[in-house]
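Below is one structure; the comments refer to it alone.
In the numbering used here, the protein residues as written are 37 to 1085.
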């Protein structure tokens, strides 16, 4: 045990403290659980509860006994826990479809728990959470109430097993689910009076996820239950939000509560390796008896940021000297980080994904209820043995507190906005996508290192989507039963096995024997089964083989009058990462010899692997103190304690952002609010302050990017694979925000920019921050965490970069930045390489006329509206960051920004997007300032040359017939005046870079007061139409061979 680890002897002997694996989604593996037992012993904790919601025989198939192979794994877990002094508690969740009055059902339940007891288990739990609070007709004939039914079964099972340690999770497991209140709940009072006093009862606190636990709320539930509760603590649970992970310390619970509790069990993150901080700090809290005095607590950073002297230094990290029995969450975080840091140096292989992607079903738009699915949330269910419908507890208890939905509806719309479901001018998403397919059955007890997937077994738990549901004026807070729309999917890459002949989803082996009807009844029976083991169907563990990333975008023609017809190509889903290979296409397809008006974009297949994992020599763990680490003495790719402190701050807690995340949000908001201060109006002091804050924001963004790179270089690939999706999302959003700030730095915007440069509903909107931090709402109302809050600061909704790609790309997100005159040659080259339906057009033009396509398609924008042109840069690796800085002071001069590493790959422009504020004015300006020059450069006589292709002649004719060209209809120009064009080379490392490029350009247009943009594509370009649809564009007109797509923002 380390010096700062909890002292086992200082903890109350009868106080239960440990971990409950009780989340939805992929369970932990056998090896991860065994590793957990070692850590629990080291830190002085004493209990582990096996209760993974989606493990095969815990809930969906609770009646089925374990096979010999499953029994061996479960037995090994129980034995391993005992060897480390950890109580292994086996939990079962039969409440979905059990008939409490059926003796047959009770016998099956007894038989299942008897089997586990024969494996050596001496502690059990029955979980009745997240079920319908209704009895069957048969049960109503026998039992007085739902509570009486559960009490009867629980007492009988407890007696049958010989009265071992036993826990119960009730259906009303928190204050907001108590009907009508905790004190008046007939259900809870029945449990208190009728349930055996030897059985402990679990409780989550005031809410499903409680920000704080107070003495008053604990005393209240203790009075009702006639016993102190065991807290099932969901503070760090993250299975309700695909975009959030919680690395902050255990807080909001004073150690003074310990004498009032029977115990505390943390239900942490789905990602096992991300739980070091939550569990370590829980253990440290459990050994303490006092909380830090109020004057020692860090000042709220939201308040401090408004009052500070703008030095930007996070001085909440000043270490304090505290007695061992005093708990301070920030100091505990520092100490836990020192224990976590060596874990990154332990070589471990990444695990592959275990859940296949499922095709979403598109349905008509419906209002969104702002209470979203969560861990421990009542679900609408359709089961194999029950046809009961959802009953809202609000109907049973009108006295339940309600909340007005006007702001929450807007909040839910904003939180749920994505490019494939944009928020339109009506405020309602254009489409609502949901997936009613049940979660595949998972099994964590047939392989020591892998959770296997078995699709041959139907899952009776089917998520039901909201349909045609009108939004009421008020809704009960946290009590409305809602469907579980999905589970948290972990998408790490597997660098060891890569194949390119089929999509990743086809690489997961199916366990054909998980439904083996063989059961285990006794020790002798186990031995007999072992003899016949070879005759059974083998259980195949999913050896996930990651497919090489292949991408192909169709032609992207934008702007005036496209002429090109796209060749026959397979229709791909926009930004699809697993399209058909080009080798499967007809090699004799002939490209058309005409050009679209504004070029095209085609993302060609890439043979690069999905994983960027590389062999890195193990870094010897060093003893890290609370003092700042001298980074100059370390390997530049070695993680430090300060890196992990930043990581924890960026992914802090459900109701609180870390100080560094808040710092970036406040800086970006200040920069956009005061952007007008940099406009040229003499020598103004505001300009220097604006640039200082810009450097500081870039400094923290660079540190975040460096953090992601260092985590990727760590030998522990399992840990990296769990953290990478969250870090990649955040880096992508920060890259987008930096691009917008770089554009603002140019000062090419109107004085009224403050009116248009703010997001519509953000952290700084009235009521948002207060609602987020208060804990009055469950945290699933605020989806996305810091990453989403940063993204919403942009003046354009549903930025595409925030969408996590299906397969994690190599390296880090590419850089988007404003165009400079030095980029002209590279931009024209890209245009030349893509304008022939996504391919090079060199053979269409004579050697002396190779500049024709670029002069027609992109040079007008570069010449007339360069301030509205953006480019994407690719460094070839995706992880070289010129904005990384050394030192601990973010207020550095620009000269201190560290240059690119020696030998680094030179940055290369791989795409561009250009726009004009008003298409009519843009064409008139071309007519005056550009077309005459082009007519001289390409005289009409060129069309008589015999060596000119039809495409070349058409380009020359374009300049001489420009005044007679047909334009977009007036109705489109009035509502969507801006014109847009884009071309991108195959994004080998960042498939979402084109989406961020367009988002940044739209933000620049919005800053000018423009709220509508249109693009023109060929009617045959199906891919491009889908691509724009993903970004919120809709078809508004189809004239001849042209399709006009538009988007309001």
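No residue lacks a Cβ here, since even glycine has one placed at the ideal position from N, Cα and C.
For clarity, every value in this text was computed on a predicted model and none was experimentally measured.
The segment 200 to 207 contacting the segment 161 to 173, beta-carbon criterion three pairs below 8 Å: With the cut-off at 8 Å, the segment 200 to 207 and the segment 161 to 173 touch.
query: If you drop the 5 nearest sequence neighbours on each side, which residues of the same chain put their C-beta closer than 7 Å to that of residue 310?
result: Beyond the five residues adjoining it in sequence on each side, residue 310 comes within less than 7 Å, by CB distance, of 281, 283, 758, 759 in the same chain, given in chain order.
message: On a Cα-Cα basis, can you pick out the residue from 130, 203, 1048, 1030 that is closest to residue 90?
response: Selected option, being the one with the closest Cα: 130.
message: Could you tell me the alpha carbon to alpha carbon distance between residue 673 and residue 746, rounded to whole angstroms?
response: Each residue's Cα considered, the two are about 5 Å apart.
query: Which term fits residue 12, buried or exposed, when burial requires 16 or more other beta carbons within 10 angstroms of its beta carbon?
result: Look at the range of the chain in this structure, 37 to 1085, and you will see that residue 12 is not part of it.
- prompt: Taking Cβ to Cβ, would you say residue 951 is nearer than 7 Å to residue 904?
  reply: The criterion of a C-beta distance shorter than 7 Å is satisfied by residue 951 and residue 904.
query: Do residue 266 and residue 299 come within 7 Å of each other at the CB atom, strictly closer than that value?
result: Yes; because the gap between Cβ atoms is below 7 Å, this pair is in contact.
field: Distance between beta carbons of residue 907 and residue 1017, contact taken as under 8 Å
entry: The Cβ separation is near 13 Å, so there is no contact.
7 Å Cβ cutoff met for residue 127 and residue 87: Going by C-beta atoms, residue 127 is nearer than 7 Å to residue 87.
query: Can you tell me whether residue 828 is buried or exposed, with buried defined as 16 or more other CB within 10 angstroms of its CB?
result: So residue 828 counts as buried.
- request: Whole angstroms is fine: what's the gap from residue 185's alpha carbon to residue 179's?
  value: A direct Cα-Cα distance of roughly 6 Å separates residue 185 from residue 179.
field: Enclosing beta strand (DSSP E) for residue 490 [first to last residue]
entry: 488 to 490 is the extent of the beta strand (DSSP E) around residue 490.
- prompt: Which of helix, strand or coil does DSSP assign to residue 83?
  reply: In this structure, residue 83 counts as strand in the three-state DSSP scheme.
query: Is the CB-CB distance between residue 272 and residue 314 below 7 Å?
result: Yes; because the gap between Cβ atoms is below 7 Å, this pair is in contact.
- prompt: For residue 699, which option in 812, 879, 685, 1074 has the closest C-alpha, if you only look at C-alpha atoms?
  reply: Nearest C-alpha to residue 699 among 812, 879, 685, 1074: 685.
- prompt: Quick one, are the C-beta atoms of residue 363 and residue 306 less than 7 Å apart?
  reply: For residue 363 and residue 306, no; Cβs fall outside 7 Å.
field: residue 1013 versus residue 696: straight-line alpha-carbon distance, rounded
entry: When only Cα atoms are considered, residue 1013 and residue 696 end up about 40 Å apart.
query: What do you reckon, are the CB atoms on residue 93 and residue 159 nearer than 7 Å?
result: It is not a contact, given that the beta carbons lie outside the stated cut-off.
field: Beta carbon of residue 704 nearer than 7 Å to that of residue 1043
entry: Going by C-beta atoms, residue 704 is not nearer than 7 Å to residue 1043.
message: I'd like to know whether the C-beta atoms of residue 256 and residue 215 end up nearer to each other than 7 Å.
response: No; because the gap between Cβ atoms is not below 7 Å, this pair is not in contact.
task: With DSSP as the reference, label residue 788 as helix, strand or coil.
output: Correct three-state label for residue 788: coil.
field: residue 64 versus 303, 358, 1041, residue with shortest Cα-Cα distance
entry: Taking only the C-alpha atoms, the option nearest residue 64 is 303.
field: Spatially closest choice to residue 1087 from 1030, 980, 756, 1024, by CA coordinates
entry: Nothing can be reported for residue 1087: it is not among the residues displayed for the chain, which extend from 37 to 1085.
task: Using only alpha-carbon positions, find the residue among 181, 107, 175, 262 that is nearest to residue 150.
output: Closest option to residue 150, judged by alpha-carbon separation, among 181, 107, 175, 262: 107.
message: So the candidates are 683, 1068, 176, 995; which of them puts its Cα closest to the Cα of residue 285?
response: Of the candidates 683, 1068, 176, 995, the residue whose Cα lies closest to the Cα of residue 285 is 683.
message: Let me make sure I understand the geometry here. Which of 263, 245, 247 has the alpha-carbon closest to that of residue 225?
response: If we check each option's Cα against that of residue 225, 263 comes out closest.
message: Quick check on residue 964: buried or exposed, where buried means 16 or more other Cβ atoms within 10 Å of its Cβ?
response: Exposed is the call here.
task: Please name the residue or residues paired with residue 1070 in a DSSP beta bridge.
output: For residue 1070, which the question treats as bridged, DSSP gives the partners 1082.
message: Let me confirm a value: residue 795 is counted as buried when at least 16 other C-beta atoms fall within 10 Å, else exposed. Which label applies?
response: Sixteen is the threshold: when 16 or more other Cβ atoms of the shown chains lie within 10 Å of the Cβ of residue 795, as they do, the residue is buried.
Which residues DSSP lists as bridging residue 56, in chain order: DSSP output for residue 56 lists 85 as bridge partner(s).
query: So, using beta-carbon positions, are residue 859 and residue 789 closer together than 7 Å?
result: No; because the gap between Cβ atoms is not below 7 Å, this pair is not in contact.
- prompt: How close, in whole Å, do the beta carbons of residue 230 and residue 187 come, if the pair is a contact with beta carbons under 8 Å?
  reply: Between the beta-carbon of residue 230 and that of residue 187 there is about 4 Å, and that keeps the pair under the 8 Å contact cut.
- prompt: In chain order, what residues of the same chain lie with their CB nearer than 8 Å to the CB of residue 1048, ignoring the 5 residues before and after it?
  reply: Only residues of its own chain outside the window of five on either side were considered, and among them 1011, 1012, 1013, 1014, 1082, 1083, 1084, 1085 have a CB closer than 8 Å to the CB of residue 1048, listed in chain order.
query: Under the three-state reduction of DSSP, which class applies to residue 239: helix, strand or coil?
result: Reduced to three states, the DSSP call for residue 239 is strand.
- request: Have a look at residue 832 and residue 289 and give me their C-alpha separation to the nearest angstrom.
  value: Residue 832 and residue 289 have their C-alpha atoms spaced approximately 39 Å apart.
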